[in-house]
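I have placed the structure first, in the form of structure tokens, so that the comments after it can refer back to it.
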Amino acid sequence: MNLKEIFLRQKALDEKILQKSNSLRSEKLDSNYRFKLASIALLVELAEFANEIESFKYWKANKKDNSAKIREEFADALHFLVSFANEYKICYNVSTKIISDDINIQLIEILKSVVDFFNDLNKEKLTKAFELILGIYQMLGYTEADLLSDYIKVNEKNLKRLENNY
1 MNLKEIFLRQ KALDEKILQK SNSLRSEKLD SNYRFKLASI ALLVELAEFA NEIESFKYWK
61 ANKKDNSAKI REEFADALHF LVSFANEYKI CYNVSTKIIS DDINIQLIEI LKSVVDFFND
121 LNKEKLTKAF ELILGIYQML GYTEADLLSD YIKVNEKNLK RLENNY
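Residue numbers for the sequence shown follow full-length UniProt numbering, beginning at 1 and rising by one.
Structural data, given as structure tokens:
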């Protein structure tokens, strides 16, 4: 997938967020600590995404099909993922990787790969996590055009939040 526009938009958003957060603080946020906070945020957003899919909820008989919410949560996670990708200078042409037809196996591998990246920060581990995350989006039947559209919606919402001192 060619994610150049997403990478560029995210870089601009991150710069605005950093400017805003620095102006609201008496001291600058240390980049290592900011990385840790973004790591938590990515895991939370991936969990919210998984919660909307509901595939792991074997105990639930009536699962909702809320495609709009699934796509929004994915775009939320994508924001943090692309921030890391920009930081580690990952190429914006990212392949999708599907390792199983079982969405729950894919989800487990995503979470493992993200934690693996956090434990050993390098481009290869981040790229693997990115490919798996894009793979699950594809497994759900969404396209590259959907991804761009979903990302832009959430990106614009985040920009408005910044303007309104969210």
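Even for Gly, the Cβ is constructed at its ideal location relative to N, Cα and C.
Being a predicted model, the structure only gives us computed values, none of them experimental.
Residue interval of the alpha helix (DSSP H) (run including residue 94): First-last for residue 94: undefined, no H or E at that position.
Cβ neighbours of residue 71 in the same chain (closer than 8 angstroms, five flanking residues each side left out): Counting only residues of its own chain and dropping the five nearest sequence neighbours on each side, residue 71 has a CB closer than 8 angstroms to the CB of 142, 146 and 150.
Would residue 8 be called buried (16 or more neighbouring beta carbons within 10 Å of its own) or exposed? Residue burial annotation: residue 8 is exposed, with fewer than 16 other C-beta atoms found within 10 angstroms of its C-beta.
Count the other CB atoms within 10 Å of the CB of residue 37; is the residue buried (16 or more) or exposed (fewer)? It is exposed - the Cβ of residue 37 has fewer than 16 other Cβ atoms within 10 Å.
Once the 5 residues before and after residue 57 are set aside, which same chain residues still bring their CB inside 8 angstroms of it? Taken in chain order, the residues that qualify are 63.
So residue 110 and residue 132 are supposed to be a Cβ contact under 8 angstroms. How far apart are they, rounded? About 5 angstroms; that satisfies the 8 angstroms criterion.
Outcome for residue 4 when other beta-carbon atoms lying within 10 angstroms are tallied against a minimum of 16: Per the 10 Å Cβ criterion, exposed.
Looking at residue 81: is its Cβ nearer than 8 angstroms to the Cβ of residue 18? Between residue 81 and residue 18, the C-beta spacing is not below 8 angstroms.
Between the alpha carbons of residue 90 and residue 117, how many angstroms are there, rounded? Residue 90 and residue 117: Cα-Cα distance of roughly 13 angstroms.
Run through the stretch 93-150 for me and flag every whole alpha helix (DSSP H) of 4 or more residues, listed as ranges in chain order. Given a length threshold of 4 residues, each whole run of the alpha helix (DSSP H) inside the stretch 93-150 is given here in chain order: 103-119 and 123-139.
Does DSSP put residue 32 in a helix, a strand or coil? In the structure shown, residue 32 adopts helical secondary structure according to DSSP, grouped into three states.
Applying the 10 Å Cβ sphere with the 16-neighbour rule, what's the burial state of residue 137? Sixteen is the threshold: when 16 or more other Cβ atoms of the shown chains lie within 10 Å of the Cβ of residue 137, as they do, the residue is buried.
Taking C-beta to C-beta, are residue 88 and residue 2 nearer than 8 angstroms? No.
In the DSSP assignment, find the unbroken alpha helix (DSSP H) run with residue 60 in it and report its ends. Element bounds for residue 60: n/a, residue is neither H nor E.
Whole-number beta carbon distance between residue 84 and residue 134, since they are thought to touch under 8 angstroms: 14 angstroms between Cβ atoms; not a contact.
Within 10 angstroms of the Cβ of residue 61, are there 16 or more other Cβ atoms? Answer buried if so, exposed if not. Residue 61 should be labelled exposed.
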